[in-house]
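Taken in order, these protein sequences are the chains called U and X. Just add 61 to the spot in the first sequence (first one is 1) and you have the numbering used here. Just add 61 to the spot in the second sequence (first one is 1) and you have the numbering used here. Glycine included, each C-beta is placed from N, C-alpha and C at the ideal position. Note that the structure is predicted; figures quoted are calculated from it, not measured.
Number of protein chains: 2
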Amino acid sequence: MSEQPQSRQPRTRLYVDSPLTAGQAVGLDHDRAHFLRHVLRLDKGDVVAVFNGRDGEWLAAIDGFGKGWCSLAVTTRRRAQQDGPDLWLLFAPIKRGRIDFVAEKATELGVSRLWPVFTRRTDPNRVNTDRLRANAIEAAEQSERLTVPDLSEPMQLEKALAAWPAERTLYLCAEAGNVRPIAEAVREKGAGPAAFLIGPEGGFAQSELDEICKLSSVVPVGLGPRILRADTAVVAALACWQALSGDWTAHGGDTRPPFRSPAESAV
Amino acid sequence: MSEQPQSRQPRTRLYVDSPLTAGQAVGLDHDRAHFLRHVLRLDKGDVVAVFNGRDGEWLAAIDGFGKGWCSLAVTTRRRAQQDGPDLWLLFAPIKRGRIDFVAEKATELGVSRLWPVFTRRTDPNRVNTDRLRANAIEAAEQSERLTVPDLSEPMQLEKALAAWPAERTLYLCAEAGNVRPIAEAVREKGAGPAAFLIGPEGGFAQSELDEICKLSSVVPVGLGPRILRADTAVVAALACWQALSGDWTAHGGDTRPPFRSPAESAV
């Protein structure tokens with residue numbers, strides 16, 4: 062409605078590849094340039110926030126637009142780099158809308174690695190990793206993460222488990238059998254590298270479950286008496302782990318991005 | 062591929078309005094009849110499972126199809142009625158795809174009541190309750206719940222809070238301010254009627270938060286250092302509560318539907 066007051070508050074937040082340091086110039090590709098200029102209607106001098114997963118978060122001013130590009134001038138650091146918990150998600154690819162959702166939600170929930178694995182009953186037999194990565198980047202930008210999750214090469218589950226690092230707990234979300242309640246299992250295991258394995262909509266084959274459970278790092282956990290869709294199980298399991306053993310256990314405002322004052326907003 | 066062996070294993074699971082008892086006839090409407098006949102390609106004599114939220118789960122055989130209808134004959138009871146935890150979800154309506162998701166996920170996660178509330182920054186100013194209810198019913202069928210969540214009349218948040226029952230804890234999911242980690246708050250409160258309040262994508266207005274926090278039943282909780290979308294916050298918060306204080310705390314197979322043997326499947 063009315064003219065916005067000039068403010069140092071960044072108008073959006075972008076993940077970039079370039080190194081970030083004061084004075085650095087950063088070029089944006091066609092899509093990003095279009096987004097800033099024609100969707101957000103930003104102009105030269107407007108400020109955005111940028112992060113690259115290594116150098117923290119910086120403010121950068123739009124330096125100029127051209128045909129299919131935009132350049133930014135990095136000014137000041139806003140937040141120091143901080144890595145999230147060491148938490149992997151292994152998941153069987155599911156159909157399109159729901160796999161987008163899995164990448165988005167897992168990123169918001171702070172996973173450090175996304176790893177598509179093919180199980181015996183996995184329906185799609187390939188996965189669009191570019192699309193997964195784009196969803197993860199967008200969610201990292203929106204959720205104010207300082208990193209984008211790593212994306213492991215999709216492979217057969219048994220191949221992924223063959224080289225499993227012994228010190229990383231692998232919570233197997235199982236909807237049947239002799240499993241322990243997730244809260245109890247996570248509390249008992251305590252801190253340390255963790256991963257969750259979520260099967261496809263059709264579930265694991267029993268012989269496959271038997272194989273998985275031979276691995277000494279595996280802890281089968283249950284997510285209650287109702288049958289959850291695979292995408293629901295992803296969010297539910299990751300949230301429980303974060304709340305009990307991850308970075309949701311810290312108190313109050315200290316863990317929030319510093320610019321997020323109580324006056325701004327709340328979910 | 063090959064002929065399916067005749068089995069008493071129901072081919073699908075339907076929510077119905079009718080009373081359920083042995084010998085009862087149940088009529089299905091056009092959509093359900095079409096689904097059974099033309100989507101699942103069932104025939105007279107095929108068995109489905111039915112539940113109505115009051116009488117447990119029953120097996121029923123298809124008795125006949127007609128133009129736009131199907132009748133079932135209820136045979137034997139499969140599970141006794143059992144109500145889930147007393148857990149409400151108050152949520153600000155969000156855009157279409159994501160509100161469908163909220164109804165689906167909250168139902169899978171066992172809420173007993175869905176309650177859309179309009180906050181100051183809620184964008185949609187009306188909500189399609191028929192659609193919400195249809196999503197909840199479908200999720201109840203799929204997740205093997207024995208109930209469908211109640212759907213409260215959408216209203217302004219302040220009106221909903223004006224008559225708030227004092228004994229029901231209202232966890233306010235807040236992304237800023239002086240909040241307690243969700244696990245700590247839920248553990249401390251322990252059992253008892255609970256509700257979660259999740260704001261719109263734009264967050265609550267500060268004056269609105271101040272008003273909400275005057276209510277003695279309100280416990281502001283945090284969901285970690287990243288900014289979650291409203292739909293993510295719904296799933297995350299409900300999962301944490303179920304894992305710590307709800308029906309995910311029970312052990313092993315006892316809490317599963319009895320027919321779900323380890324050999325069948327797992328998430």
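Asked, Found
"Secondary structure of X:ARG248, DSSP reduced to three states", "helix"
"Chain U contact for X:PRO154 (CB, 7 Å cutoff)", "no"
"X:GLU118, DSSP secondary structure in three states", "strand"
"Contiguous alpha helix (DSSP H) assignments of at least 4 residues, all confined to the stretch 76-131 of chain U", "91-95"
"C-beta contact flag for X:VAL188 and X:PRO154 at 7 Å", "yes"
"Contact list for X:ARG290 against chain U, beta-carbon separation under 7 Å", "GLU169"
"Buried versus exposed call for X:THR293 [16 or more other C-beta atoms within 10 Å across all chains shown]", "buried"
"Buried or exposed (CB count within 10 angstroms, at least 16 for buried), U:GLU169", "buried"
"Neighbour flag for U:GLN303 against chain X, beta carbons, 7 Å", "yes"
"X:GLN70, buried or exposed, once every other Cβ within 10 Å from all chains shown has been counted against 16", "exposed"
"Segment contact flag, the stretch 184-202 of chain X with the stretch 157-175 of chain X, C-beta cutoff 8 Å, min 3 pairs", "yes"
"Contact with chain X by U:ARG206, beta-carbon distance below 7 Å", "yes"
"Inter-residue Cα distance where the pair is U:ASP184 and X:ALA221", "44 Å"
"U:ALA197 burial status per 10 Å Cβ neighbour count (16 or more: buried)", "buried"
"X:VAL163, enclosing alpha helix (DSSP H) - first and last residue", "157-169"
"Among X:HIS312, X:SER306, X:GLN303, X:ALA291, the one whose alpha carbon lies nearest that of X:LEU151", "X:ALA291"
"Chain X residues whose Cβ lies nearer than 8 Å to that of U:PHE300", "Per the sequence shown, residue 300 of chain U should be read as Ala rather than Phe. The contacting residues are LEU284, VAL296, ALA297, ALA298, ALA300, CYS301."
"Neighbour flag for U:ALA244 against chain X, beta carbons, 7 Å", "yes"
"Three-state secondary structure assigned by DSSP to U:ARG229", "coil"
"7 Å Cβ cutoff met for X:THR230 and X:VAL295", "no"
"Beta-carbon proximity list for U:ALA255, same chain, < 6 Å, skipping 5 on both sides", "LEU148, THR230"
"Beta-carbon proximity list for U:PHE257, same chain, < 6 Å, skipping 5 on both sides", "LEU150, TYR232, ALA298"
"Extent of the continuous alpha helix (DSSP H) to which U:ALA221 belongs", "218-223"
"Sub-7 Å separation of U:ALA266 and U:ARG181 beta-carbons", "yes"
"Outcome for U:GLN217 when other beta-carbon atoms lying within 10 angstroms are tallied against a minimum of 16", "exposed"
"Distance between U:GLU219 and U:GLN142 (C-alpha atoms, nearest Å)", "35 Å"
"Simplified DSSP state of X:ARG241, which is helix, strand or coil", "strand"
"Three-way DSSP call (helix, strand, coil) for X:LEU207 in this model", "coil"
"Exposure of X:ALA86, with buried meaning 16 or more beta-carbon neighbours within 10 Å", "exposed"
"Rounded separation between U:ASP124 and X:GLU214 - CA only", "51 Å"
"Among X:ARG74, X:ALA167, X:TRP309, X:ASN113, nearest to X:ALA122 - alpha-carbon criterion", "X:ARG74"
"Per-residue burial, X:ALA167 [other beta carbons within 10 Å of its own, 16 or more giving buried]", "buried"
"Outcome for U:LEU270 when other beta-carbon atoms lying within 10 angstroms are tallied against a minimum of 16", "buried"
"Beta carbon proximity, U:LYS250 to chain X, threshold 7 Å", "no"
"Proximal residues to X:LEU89 (C-beta, below 6 Å), its chain only, five neighbours per side dropped", "CYS131"
"U:ARG241 vs U:VAL282 beta-carbon contact at 7 Å", "yes"
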